[in-house]
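Residue numbers (the working numbering): 686 to 1194. No residue lacks a Cβ here, since even glycine has one placed at the ideal position from N, Cα and C. Below you'll find the structure, written out as structure tokens, and then a few comments.
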Amino acid sequence: MVSTTLAENPLREGLRTWRTPQPGTVVVFGGTGDLAQRKIIPALYDLSVRGLLPARFAVIGTSRRPESDAGYREQMLAAVEKNSRLGLNHEIWDSFAASLFYQQADPSDANGYAELCTKLAEVQEQAATGPNKMFYLAVPPAAFFEIAEGLGQAGLARQDEGWSRIVIEKPFGYDTVSSEQLNAHISRHFAEEQIYRIDHYLGKETVQNILVFRFANGIFEPLWNNRYIDYVELSVAETLGVESRGAYYEGAGALRDIVQNHLLQVLSLVAMEAPASFDAETIRDEKVKVLRSLRRIAPDEIGSRVVRAQYAEGDVGGRRVPGYRQEDGVAPDSMTETSVAIKASIDNWRWAGTPFFIRTGKRMARRVTEVAIHFKPAPHIPFAGMDNDDLPPNLLAMRIQPDEGITLRVGSKVPSPTLQVRPVNLQFLYDSSFLVDPPEAYETLLLDAMLGDHTLFPRADEVQYAWRFVDSIRESWRGSGLMDSYPAGTWGPVEADGLMLDGRLWREP
Ligand code: BG6
């Protein structure tokens, strides 16, 4: 998150004020891969359209295959044409393309790093980018170790002149132990302040707005606790299946793929205490306290607190789709969950007794990510017995995607001679209020990493505590054989309803 004043930074865009990063070079490992083509290069290009890249800036794409600078530019042109949010502008592309370079490098070959050093020096000279450099690891997690090592051995992690940063994509490990190992390994060469862990949910405007909504408005914070909130619901529902990622997904499952990172990050923003200031360490300190207070799930609670399931054949968007076990790369007796619902508890003064219901799933009825705050009913309803018994309590729904916005449900009198009360919505929509498209999460995160702002990047301890919670569930599942099922295109397994008692229901927004 970039916070500066207009006086310091004359470049203004929309309602935000930005500063531009210092000159530097971004090296993308996996430079021709899917992530680079879909997200990273288009996001950098879009930043250049927005005038947010430094004038002296370069990108070096690397991968195993041989390619020339010109060939790389051509490939990236196609990627930008297809995936840029702002669309291709030939003039801007020409100047952006002049800052794109390519170096063949095999991450497992130590000599490759010496060649990369040579290329980096050439580019730094040619594009006058100076000594600052950022290494983006858009590669499978197995390669994180050797790249961090190779960079370290080649002296590329040193910051004697200018900064050196490393950006890594999730998954940060596979469980608590492996994430500690990964961290220890990267830390041999890069200090924590040089490491940027990408969780793209934190780059979403609507996720950032959770903090602004909570702490820029005095009226909600006094109610934001177990005295007034009955329960909190966090959902990430997708209509997509595992697509071509069956092999990866088999080793991940919904718990690792979405809960460990995206959902627990959102939960920590919803549940954290007010930070004394808006700097990265203060915010991350508060988030980590929430993750530490998340009660681990004991083996004897697994049945009452967690439901896991797989999608079966069903209809999504009018199309018949196969069940998870029939997907490519998936074992016919797979025990990998495509949906998980959890009743979580945060053991602290603010939240004791207020459950957090967390749910995610692939092939659900709609694509929707939402935070729903369910308030307790008014202590006394004076209209009872007047056909108003079913008046639902107040609800605050923060829609992260799509139809980004915030809705507050309140009771209102129906215009009629009798005293009838019905729920109505007070609504704010990003679309109509700001009339601009929010930036892609990767634009925000790349810019912040180049600016050296860690606010939107999970710190090592956050990742560790999130894994401990997730591991407590996985350990309880071990050998349990529990696995429910839901038809593709529905809101998940009916068994998940059993986690909510006392008239509470999962939303189907
Ligand atoms: C990724 C997961 O991190 O997030 C994917 O690996 C998932 O499985 C994706 O589809 C969802 O992101 P978004 O931004 O579309 O909600």
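Annotation note: the region 705-756 contains the following uninterrupted alpha helix (DSSP H) runs of length 4 or greater, listed N- to C-terminal: 726-734.
Cβ-Cβ distances below 8 Å link residue 990 to 982, 1027, 1028, 1029 and 1184 in the same chain, with the five nearest sequence neighbours on each side left out; the list follows chain order. Taking a C-beta distance under 9 Å as the contact criterion, residue 1025 and residue 1043 qualify as a contact pair.
For residue 1169, the enclosing beta strand (DSSP E) covers residues 1169-1172. Each of 805, 861, 883 and 1119 was checked against the Cα of residue 744, and the nearest Cα belongs to 805.
Looking only at 1157, 1137 and 1127, the smallest Cα-Cα distance to residue 732 is reached by 1127. Not one heavy atom of the ligand BG6 falls within 8 Å of the beta-carbon of residue 985. Counting only runs of 3+ residues, the beta strand (DSSP E) found wholly inside the region 879-956 occupies 880-883 and 914-922, in chain order.
With contacts defined by Cβ atoms closer than 9 Å, residue 842 and residue 833 form a contacting pair. Contact between the region 995-1011 and the region 967-975 is absent, with fewer than three C-beta pairs closer than 8 Å. Counting along the chain, residue 1055 sits inside the beta strand (DSSP E) bounded by residues 1053-1060.
By the Cβ test, the region 781-798 is in contact with the region 749-766, since at least three Cβ pairs between them sit closer than 8 Å. At least one heavy atom of the ligand BG6 is found less than 8 Å from the C-beta of residue 934. In this structure, DSSP gives residue 1163 a state outside helix and strand, which the three-state scheme calls coil. Beta-bridge partners of residue 1014 (DSSP): none assigned. Put simply, of 1097, 1112 and 1111 the residue whose alpha carbon is nearest the alpha carbon of residue 1105 is 1097.
As computed with DSSP, residue 1113 is found in a beta bridge with 1091. In the DSSP annotation of this structure, residue 1045 is not part of any alpha helix (DSSP H); the continuous beta strand (DSSP E) holding it starts and ends at 1041-1046. Residue 1108 carries a strand assignment under DSSP once its states are collapsed to helix, strand and coil.
Around the beta carbon of residue 894, 16 or more other beta carbons sit within 10 angstroms, so the residue counts as buried. At least one heavy atom of the ligand BG6 lies less than 8 Å from the C-beta of residue 942.
Residue 748 places its beta carbon 9 Å or farther from that of residue 710. An exposed status is given to residue 1000, since fewer than 16 other beta-carbon atoms sit within 10 Å of its beta-carbon.
Linking residue 1125 to residue 1171 through their CA atoms gives a straight-line distance of about 32 Å. Between the beta-carbon of residue 777 and that of residue 734 there is about 5 Å, and that keeps the pair under the 8 Å contact cut. Taking the Cα positions, residue 812 is about 54 Å away from residue 1163. DSSP, read as helix, strand or coil, puts residue 832 in helix.
According to the DSSP secondary-structure assignment, residue 851 is paired through a beta bridge with 820 and 880. At a Cβ-Cβ threshold of 9 Å, residue 1055 and residue 1031 do not count as neighbours.
Under the three-state reduction of DSSP output, residue 1066 falls in the coil class, being neither helix nor strand. Judged by DSSP secondary structure, residue 798 falls within the alpha helix (DSSP H) whose first and last residues are 795-811. The Cβ atoms of residue 1059 and residue 892 do not sit closer than 9 Å to each other. Distance between residue 1107 and residue 900, taken at the CA atoms: about 30 Å.
Nearest to residue 1138 by alpha-carbon distance, out of 878, 1190 and 791, is 878.
If you check the CB distance, residue 1033 and residue 975 come in under 9 Å.
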